[in-house]
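Numbering (the numbering used here), first residue to last: 4 to 374. What follows is one structure encoded as structure tokens, with my remarks underneath.
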């Protein structure tokens with residue numbers, strides 16, 4: 004059965020469930036309880052290499068649609084359709100490296116879950132983003148997340164996922180505490196990755212993909228001109244011979260008039276700083292720009308700086324810089340953005356980096372329409 008038929012059947016099933024739940028109300032009333040959101044994102048990239056072997060320009064189109072349907076006062080159904088691959092990395096021609104024009108869109112249902120809310124209690128069950136999203140970029144799986152807001156100063160969260168693929172393991176479980184005390188927000192997360200039964204399970208052998216991650220964050224908003232974010236994360240790998248990873252991060256940011264700024268520092272442990280659940284440099288736990296990221300560092304530090312301002316009511320400019328002290332890598336990016344409407348944003352970026360004495364650059368033109 005092809006993906007289009009699978010998608011059509013899934014949509015029909017969800018539509019049938021929603022229709023059944025709202026069988027005693029008119030179509031107009033049912034539509035009032037349905038929220039549609041998403042985006043269409045077009046990106047054109049032209050890369051230039053210092054060795055003269057420039058890559059041809061290529062484009063990528065990302066489309067996402069999410070439907071939230073309120074079933075009653077306590078239950079909501081969510082269905083999200085996204086591309087199977089958000090970034091195209093296969094060449095159209097085997098003889099042309101880097102010819103990566105976006106292939107025909109291949110949508111898939113990447114999230115489909117039910118949410119139950121009653122006061123401070125929230126339960127989400129189904130295909131969704133796994134627990135502790137700060138520790139990964141976009142890992143979806145089948146499971147359940149239960150959270151209970153006991154007070155403004157404490158929310159307790161627990162989650163278990165029995166099926167997901169991006170970490171090459173079967174199960175992920177985690178618990179977290181989060182809250183706010185005065186101007187300080189905190190978060191403490193414990194997550195464990197359980198190895199796939201297809202290998203040898205959690206037996207500590209060299210093939211064991213299991214791991215445990217502990218993440219502590221503290222945020223303090225001292226004023227509109229100064230926000231402080233601090234984090235310390237450790238990742239213990241189960242496999243024999245693998246050393247524990249650790250990463251410390253501190254970011255200062257704020258706004259003074261029309262100028263926004265951010266200054267960041269990260270220090271990776273002596274055995275490495277790869278602390279995300281799925282070893283992804285785009286995870287929020289890392290300090291990264293585009294090519295330079297703290298996730299690949301070992302006993303090394305990285306810095307990040309950003310300054311931006313509004314040039315007009317709709318046009319803004321931003322400069323970013325990142326570097327790793329001992330890894331011989333640096334990167335900078337200029338971005339000019341035009342917020343045409345609340346839903347349409349155009350941008351142009353020039354990005355250049357030098358890693359291991361190899362310099363490359365790219366120009367990115369982007370148009371994103373959100374709804």
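Glycine residues also receive a C-beta, built at the ideal position from the N, C-alpha and C atoms. Values in this document were obtained by computation on a predicted structure and should not be read as measured data.
The beta carbon of residue 229 lies closer than 6 Å to those of 257 in the same chain, with the five residues before and after it left out. With contacts defined by Cβ atoms closer than 7 Å, residue 323 and residue 292 form a contacting pair.
Assignment of alpha helix (DSSP H) within the stretch 284-352, counting only whole runs of 4 or more residues, yields no such run. Residue 342 places its beta carbon less than 7 Å from that of residue 317. Put simply, the stretch 73-81 does not touch the stretch 42-55. Fewer than three CB pairs are less than 8 Å apart.
The beta-bridge partner set that DSSP reports for residue 61 consists of 48. Contact annotation, residue 174 with residue 157: C-beta distance approximately 27 Å; criterion of less than 8 Å not satisfied.
Put simply, the backbone Cα of residue 232 is about 36 Å away from that of residue 37. Residue pairing by DSSP places residue 256 opposite 230, 265 in a beta bridge. Per DSSP, the continuous beta strand (DSSP E) segment holding residue 366 begins and ends at 361-373. Scanning 356, 287, 79, 41 for the CA closest to the CA of residue 366 turns up 356. Exposed is the label assigned to residue 40, since fewer than 16 other Cβ atoms lie within 10 Å of its Cβ. The beta carbon of residue 118 is closer than 6 Å to those of 79, 127 in its chain, skipping five residues each way along the sequence. The continuous beta strand (DSSP E) containing residue 145 extends over residues 143-154. When secondary structure is reduced to three states using DSSP, residue 138 falls in the helix class. Fewer than three beta-carbon pairs drawn from the stretch 134-151 and the stretch 182-189 are found closer than 8 Å, and the two stretches are therefore not classed as touching. With contacts defined by Cβ atoms closer than 7 Å, residue 290 and residue 267 form a contacting pair. Between the C-alpha atoms of residue 363 and residue 304 there is a straight-line separation of about 22 Å.
With fewer than 16 other Cβ atoms inside 10 Å of its own Cβ, residue 243 counts as exposed. Spatial neighbours of residue 253 in its own chain (CB-CB distance under 6 Å, excluding positions within 5 residues in sequence) are listed in chain order as 233, 268. Ranking 353, 315, 147, 153 by CA distance to the CA of residue 176 puts 147 first.
Within a 10 Å sphere around the beta-carbon of residue 331 sit fewer than 16 other beta-carbons, which makes this residue exposed. Residue pairing by DSSP puts residue 181 in a beta bridge opposite 158, 190.
Sequence-distant Cβ neighbours of residue 354 in its own chain, meaning closer than 6 Å and more than five residues away, are 293, 336, 365. When the beta-carbon positions are compared, residue 313 and residue 373 stay at least 7 Å from each other.
In summary, residue 195 is buried, with 16 or more beta-carbon neighbours lying within 10 Å of its beta-carbon over all protein chains present. If you draw a straight line from the Cα of residue 339 to the Cα of residue 283, it comes to about 27 Å.
Nearest in C-alpha terms to residue 66, of all of 35, 226, 109, is 109. Between residue 137 and residue 288 a beta carbon distance of about 6 Å is seen, short of the 8 Å cut, so the two are scored as contacting. Take the alpha-carbon of residue 162 and the one of residue 133: they are about 8 Å apart. The Cβ atoms of residue 192 and residue 135 lie closer than 7 Å to each other.
Excluding sequence positions up to five before and after residue 155, its CB lies within less than 8 Å of the CB of 182, 183, all in the same chain and listed in chain order. The Cβ atoms of residue 166 and residue 159 do not sit closer than 7 Å to each other.
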